[in-house]
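Numbering (full-length UniProt numbering), first residue to last: 1 to 319.
Just so you know, even glycine gets a beta-carbon here, dropped at the ideal spot from N, CA and C.
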Ligand SMILES: NC(=O)c1ccc[n+]([C@@H]2O[C@H](COP(=O)([O-])OP(=O)(O)OC[C@H]3O[C@@H](n4cnc5c(N)ncnc54)[C@H](O)[C@@H]3O)[C@@H](O)[C@H]2O)c1
């Protein structure tokens, strides 16, 4: 079966009418498969969006737009001097921007264009972007009370959750935050990068950035990293190794925060443990590999499973 393109897949999703020109100002190749892009919004402009939304991205020479999730929080897209930008340690930036993390994907023409070598060939290029999508933070305010948010990510499914976590951290710093004292649980699964994880935790997309939100007390709760082996298709991924032969934490933020490591796939019981007694006052956001998302959402919401209210389980089907 041919995989649908982004525009076909999202044809029924909400989309902003405005198209904005943005400039590629910075590219960071954080590992061999993911590049992080910072797109400047020129002329003191701003682009409004909610954490979790994506962009239609029109790159030069490719007729059809690609779809890439925004990884920065909305505050970064507001000029620093703007009076509408409340003061916060997370809000300082030299120019308004939107950040994207793009997986290497030769079969996806816009991604292939953004993966040209060397990066200098595309720096300072202008792209046209449009905001869209309905997988967003905050959840509907009707979901009261809200004491806990569990974020479950598989691989690059961390992208929308990164924007959400940054926005939650900013909200927690405001005296009049939308959801005060939120307990945040992050379950993040990636293919084991091997020894370089301990040497360079930043090689796992956004691991150090999320750890730093917890280390600085901007988020209250816990971050767990699940490491798997294999190609991600087998249920035997991440079969436990001999006890005691590898570290059970990874030290992030220059030693300020230890992330707990689990060498297995994320399972329903992990989400259940993260929910604790708060099933009726929590939301769960799931974003990742199709089989993971479908299975978790199904068991979390079905009466034979955890029987959570469907409104409290939010997910993105990125396929
Ligand atoms: N905005 C985005 O970029 C975005 C949004 C939503 C979903 N996605 C999707 O996220 C996926 C991530 O791709 P990737 O290459 O980074 O992932 P990957 O293949 O590297 O897998 C990520 C992790 O998920 C685990 N996993 C796989 N199947 C599982 C299952 N059934 N149950 C539990 N864990 C499972 C893997 O073992 C691995 O640890 C893609 O399918 C993509 O379409 C992306």
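DSSP state of residue i mapped onto helix, strand, coil
i	result
residue 83	Reliability of the predicted coordinates at residue 83 is poor, the pLDDT of 46 falling under 50, and the value obtained from them is presented with this limitation in mind. Of the three classes helix, strand and coil, the one that applies to residue 83 here is coil, per DSSP.
residue 214	helix
residue 19	coil
residue 6	helix
residue 40	strand
residue 242	Because residue 242 carries a pLDDT of 48, less than 50, the predicted location of this residue cannot be relied on, and no value is offered for it.
residue 235	In this prediction, residue 235 scores a pLDDT of 49, lower than 50, which makes its location untrustworthy; no coordinate-derived value is stated.
residue 199	helix
residue 157	helix
residue 223	strand
residue 248	coil
residue 50	coil
residue 180	coil
residue 314	strand
residue 14	coil
residue 74	helix
residue 207	helix
heavy atom of ligand 2 below 7 Å from residue i C-beta
i	result
residue 106	Summarising the ligand content, the structure contains ligand 1 and does not contain ligand 2.
Identified DSSP bridge partners for residue i
i	result
residue 191	228
residue 27	37
residue 175	None, per the DSSP bridge assignment.
residue 68	55
residue 339	Only positions 1 to 319 of the chain appear in this structure, which leaves residue 339 out of reach.
Whole-Å CB distance - residue i paired with residue j, under 8 Å assumed
i	j	result
residue 125	residue 60	6 Å
residue 157	residue 53	Not really, about 15 Å apart at Cβ, beyond 8 Å.
residue 179	residue 138	7 Å
residue 5	residue 64	6 Å
residue 34	residue 111	That belief does not hold up - the Cβ atoms of residue 34 and residue 111 are roughly 11 Å apart, past 8 Å.
residue 313	residue 297	6 Å
residue 20	residue 129	5 Å
residue 30	residue 166	That belief does not hold up - the Cβ atoms of residue 30 and residue 166 are roughly 17 Å apart, past 8 Å.
- Task: Counting only runs of 4+ residues fully inside the stretch 252-307, write out the alpha helix (DSSP H) ranges in chain order.
- Result: List check, alpha helix (DSSP H) in window: 268-275 and 290-301.
- Every unbroken beta strand (DSSP E) inside the stretch 97-173 [3 residues or more]: Fully enclosed beta strand (DSSP E) runs of no fewer than 3 residues occupy 97-103, 126-132 and 148-154 of the stretch 97-173, in order along the chain.
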